[in-house]
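Engineer: Mind looking over this structure? Questions follow.
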Amino acid sequence: MKEKILIVEDEFIVANDLKIMLLKAGYEITGIASSVVQARKLIEEKRPDWVLLDIMLKGDMTGIELAWELREMQLPFLYISANTNQSTLEAVKATNPYGFMVKPFRERDLIVMLDIAKYRFNQENGTQSDIHTKEKTQEINGIIGNSQLLQEAIEKIKIVAPAQTSVLILGESGTGKEKVAHAIHDLSAHKSSPIVVVNCAALPHSLIESELFGHEKGAFTGANSLRIGKFEQAHNGTIFLDEIGELPLDSQVKLLRVLQEKEIQRLGGNSTIKINVRIVAATNRSLEKEVAEGRFRLDLYYRLNVFPIELPPLKERKEDIEALANHFLRKYAASSRKNVSSISANALEQLMQYNWPGNIRELEHLIERNVLLSKTNEIEKFDLPLSVSSPIQESSGKMKTMEEMEKEHILNALKACDGKVSGIGGAAELLQMSAQTLYSKMKKLGIKQGYN
0 MKEKILIVED EFIVANDLKI MLLKAGYEIT GIASSVVQAR KLIEEKRPDW
50 VLLDIMLKGD MTGIELAWEL REMQLPFLYI SANTNQSTLE AVKATNPYGF
100 MVKPFRERDL IVMLDIAKYR FNQENGTQSD IHTKEKTQEI NGIIGNSQLL
150 QEAIEKIKIV APAQTSVLIL GESGTGKEKV AHAIHDLSAH KSSPIVVVNC
200 AALPHSLIES ELFGHEKGAF TGANSLRIGK FEQAHNGTIF LDEIGELPLD
250 SQVKLLRVLQ EKEIQRLGGN STIKINVRIV AATNRSLEKE VAEGRFRLDL
300 YYRLNVFPIE LPPLKERKED IEALANHFLR KYAASSRKNV SSISANALEQ
350 LMQYNWPGNI RELEHLIERN VLLSKTNEIE KFDLPLSVSS PIQESSGKMK
400 TMEEMEKEHI LNALKACDGK VSGIGGAAEL LQMSAQTLYS KMKKLGIKQG
450 YN
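So that you can map any letter, position 245 of the sequence shown is 244 in numbering that gives the first Met the number 0, and since no number is skipped, the others follow by simple counting.
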């Protein structure tokens with residue numbers, strides 16, 4: 000049976016376009032309301048399954064006020080609005096919608112947003128089959144684990160991968176955001192085309208535009224030849240913008256244009272170049288906080304946040320630790336040609352009791368190191384940092400912030416490497432990130448660069 004949607008929108012052209020898109024996608028439209036009063040009447044008469052809700056409507060009441068009524072009725076809704084100031088964002092979030100789209104938008108973004116909204120609604124109401132989800136968990140190569148939080152993320156990957164819409168991957172450092180980006184690409188229709196990975200934190204500010212969009216010969220001093228940027232390299236494929244929260248504001252403006260217009264202009268060039276690129280972005284920051292503090296553009300946030308996928312930290316999915324540890328054990332035993340085939344029960348218990356501030360990346364590095372050091376076919380114990388495995392609270396009882404935890408973790412790595420940052424045996428190698436990224440994080444966190 001077709002799902003019924005009520006459109007609450009006071010602009011006739013926008014409402015009619017929505018109606019055409021939704022009918023084409025197989026939905027039934029129960030009506031169009033231009034005010035809260037009209038919407039109430041249609042809801043009572045037609046009993047829609049979903050409501051698409053604008054914020055600014057005819058009459059004295061707004062869509063946000065109607066949203067609170069919809070919550071009481073347990074009638075799911077999504078916002079579709081051009082109003083994106085910070086106070087509106089906060090009021091919208093308080094109503095806990097199933098989605099928010101910024102006008103204007105593309106048809107495929109609308110349909111994908113509805114798909115994820117329905118998925119979230121089904122999850123909350125217990126209509127999603129746990130068995131069905133577990134069966135699908137094993138279908139994504141390289142993503143290990145059966146915890147419920149991971150299964151939810153995997154289900155989202157499978158929903159969005161075939162579409163072309165932008166994806167925002169959220170999660171702490173080391174949770175596997177790049178692995179998810181590759182999974183999305185590999186499950187898409189463009190898997191035979193390239194996926195280009197860009198670490199935004201590692202791009203020098205003066206060269207960001209040249210790196211992303213390329214430059215013409217003679218565009219600036221030192222531009223001795225034509226350079227093809229990352230977006231052109233990813234044509235007909237995927238570009239993964241890791242640590243998107245590190246991009247400066249002027250670069251965010253240019254990225255927004257690419258998202259909206261699907262075209263780029265090389266530095267020093269006069270013509271635009273049409274590109275067909277799927278954008279997947281990732282961040283370990285709270286972009287909402289960055290928006291509130293003026294470091295990230297609200298319009299870009301909404302463009303990227305069409306389909307968010309949040310990856311849980313390892314400490315919240317400890318039931319996956321044994322499977323992950325054994326996966327890494329097999330991987331590094333084979334690559335190093337070491338006859339290490341098991342982890343003792345006591346060693347596994349150590350892993351379960353540890354807090355994992357570095358998440359999966361830290362676990363992988365620990366297993367690799369212990370495989371190399373093992374003199375028997377079993378890892379009997381792990382040497383885990385006491386300072387990190389202790390409770391993540393100050394002596395006063397106040398919970399540490401993520402920045403404080405990240406700073407402490409980097410300082411622990413620097414101490415373990417005798418202050419060495421880059422090169423073999425350096426903290427960057429220990430933390431499995433580029434030295435340039437580590438230097439950037441150290442600068443942001445106020446850690447002095449007293450070593451090479």
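Note that CB positions come from ideal geometry on N, CA and C, so glycine has one too.
1) Please report the residue range of the beta strand (DSSP E) in which Asp417 lies.
2) Candidates Ile194, Ile342, Phe212, Glu154: which alpha carbon is nearest Ala233's?
3) What is the residue span of the alpha helix (DSSP H) that Asn521 lies within?
4) Identify every residue that forms a DSSP beta bridge with Arg277.
5) Using 8 angstroms for Cβ pairs, my map puts Pro307 next to Leu109. What's the rounded Cβ distance?
6) Are Ile79 and Leu51 close, meaning C-beta to C-beta below 8 angstroms?
7) Going straight from the alpha carbon of Gly445 to that of Phe295, what length do you get?
8) Given that a residue counts as buried once 16 or more other Cβ atoms are within 10 Å of its Cβ, and exposed if not, what is Asp382?
9) Spell out a yes or no on whether the region 177-187 and the region 158-165 are touching, meaning 3 or more CB-CB pairs, one atom from each, closer than 8 angstroms.
10) Quick one: residues in its chain with C-beta nearer than 6 angstroms to the C-beta of Lys273, no 5 flanking neighbours on either side, listed in chain order?
11) For a test of the three-state rule: what should DSSP assign to Ile6, helix, strand or coil?
12) Across which residues does DSSP place His214 in a beta bridge pair?
13) Applying the 10 Å Cβ sphere with the 16-neighbour rule, what's the burial state of Trp49?
14) Return yes when the Cβ of Leu211 is within less than 8 angstroms of the Cβ of Phe230, no when it is not.
15) Taking only three categories from DSSP, how would you classify Lys57?
16) Less than 7 angstroms between C-beta atoms, sequence neighbours within five positions excluded: which residues of the same chain meet that for Val36?
17) Which residues in the same chain as Glu8 place their Cβ atom closer than 6 angstroms to its Cβ, once the five residues preceding and following it in sequence are excluded?
18) Where does the unbroken beta strand (DSSP E) through Trp67 begin, and where does it stop?
19) Sort Gly175, Lys117, Ser270 by Cα distance to Asn140 and report the nearest one.
20) Do the CB positions of Phe76 and Pro96 come within less than 8 angstroms of each other?
21) Between Ser142 and Lys178, how many whole angstroms is the CB-CB distance? I'm expecting something under 8 angstroms.
22) Helix, strand or coil: how does DSSP classify Gly424 here?
23) Given a cut-off of 8 angstroms, decide if Lys155 and Glu208 are closer than it, judged by their beta-carbon atoms.
24) Where does Phe120 sit, in a helix, a strand or coil, going by DSSP?
25) Give the straight-line distance between the Cα atoms of Ser165 and Glu123, rounded to the nearest whole angstrom.
26) Tell me the rounded alpha-carbon separation between Ile19 and Glu363.
27) Closest to Arg329 by CA distance: which of Leu297, Lys288, Ile366, Arg360 is it?
28) Along the chain, which unbroken stretches of the alpha helix (DSSP H) at least 4 residues long are found entirely within the region 149-199?
29) Can you find the residues in the same chain that come closer than 6 angstroms, C-beta to C-beta, to Ala281, ignoring five residues on each side of it along the sequence?
30) Rounded C-beta distance between Ile378 and Val339? I'm assuming under 8 angstroms.
31) Check whether the Cβ atoms of Ile63 and Leu5 lie closer than 8 angstroms to each other.
32) Since I believe Val101 is in contact with Arg302 (beta carbons under 8 angstroms), could you give me their beta-carbon distance rounded to a whole number of angstroms?
33) Please confirm whether Leu297 and Leu65 have their CB atoms less than 8 angstroms apart.
34) By DSSP's criteria, Thr282 is part of a beta bridge. Which residues make up the other side?
35) Could you pull the start and end residues of the alpha helix (DSSP H) that Glu438 belongs to?
36) Taking 8 angstroms as the cut-off, does the region 343-361 touch the region 314-324 (at least 3 CB pairs, one atom from each stretch)?
Structural biologist: For this structure:
1) No beta strand (DSSP E) holds Asp417; DSSP gives it neither H nor E.
2) The residue among Ile194, Ile342, Phe212, Glu154 with its C-alpha nearest the C-alpha of Ala233 is Ile194.
3) No information on residue 521 is available, as it lies outside the stretch 0 to 451 that the chain covers here.
4) BP columns for Arg277 point to Thr237.
5) With a contact defined as Cβ atoms closer than 8 angstroms, Pro307 and Leu109 miss out at about 16 angstroms.
6) Taking 8 angstroms as the Cβ cut-off, Ile79 and Leu51 qualify as a contacting pair.
7) Cα to Cα, Gly445 sits roughly 21 angstroms from Phe295.
8) Exposed: under 16 other Cβ atoms inside 10 Å.
9) Taking a contact to require three or more Cβ pairs closer than 8 angstroms, the region 177-187 and the region 158-165 qualify as touching.
10) Once the five neighbours on either side are set aside, the close Cβ partners of Lys273 are Glu262.
11) Three-state DSSP puts Ile6 in a strand.
12) Residue pairing by DSSP places His214 opposite Arg226, Leu266 in a beta bridge.
13) When all chains shown are included, Trp49 counts as buried.
14) In contact: Phe230 and Leu211 (Cβ atoms closer than 8 angstroms).
15) Three-state result, Lys57: strand.
16) Excluding positions up to five away in sequence, the list reads Gly58.
17) For Glu8, the CB contacts under 6 angstroms within the same chain, skipping 5 residues up- and downstream, are Ala14, Asp53 in chain order.
18) From DSSP, Trp67 is part of no beta strand (DSSP E) but of the alpha helix (DSSP H) over 62-72.
19) Checking every option, the nearest Cα to that of Asn140 belongs to Gly175.
20) At the C-beta level, Phe76 and Pro96 come within 8 angstroms of one another.
21) The sequence given here has Ile at residue 142, not Ser. For a cut-off of 8 angstroms, the C-beta gap from Ile142 to Lys178 is around 6 angstroms, short enough to register as a contact.
22) Three-state DSSP puts Gly424 in coil, outside helix and strand.
23) If you check the CB distance, Glu208 and Lys155 do not come in under 8 angstroms.
24) Here DSSP, grouped into helix, strand and coil, assigns Phe120 to helix.
25) Approximately 24 angstroms between the Cα atoms of the pair.
26) C-alpha of Ile19 to C-alpha of Glu363: approximately 50 angstroms in a straight line.
27) Out of Leu297, Lys288, Ile366, Arg360, Ile366 has the C-alpha closest to the C-alpha of Arg329.
28) For the region 149-199, the full-length alpha helix (DSSP H) segments reaching 4 residues or more read 176-185 along the chain.
29) Excluding positions up to five away in sequence, the list reads Ile168, Lys176, Asp241.
30) Contact flag correct, Cβ pair sits at about 7 angstroms.
31) Contact: no.
32) Their Cβ separation, rounded to whole angstroms, is 7 angstroms, which keeps Arg302 and Val101 in contact under 8 angstroms.
33) Their beta carbons are not under 8 angstroms apart, which means Leu297 does not touch Leu65 by this criterion.
34) Thr282 has Leu169 as its beta-bridge partners, per DSSP.
35) The residue you asked about is not Glu; residue 438 is Tyr in the sequence shown. Tyr438 -> alpha helix (DSSP H) spans 434-444.
36) Cβ pair count under 8 angstroms is three or more, so yes.
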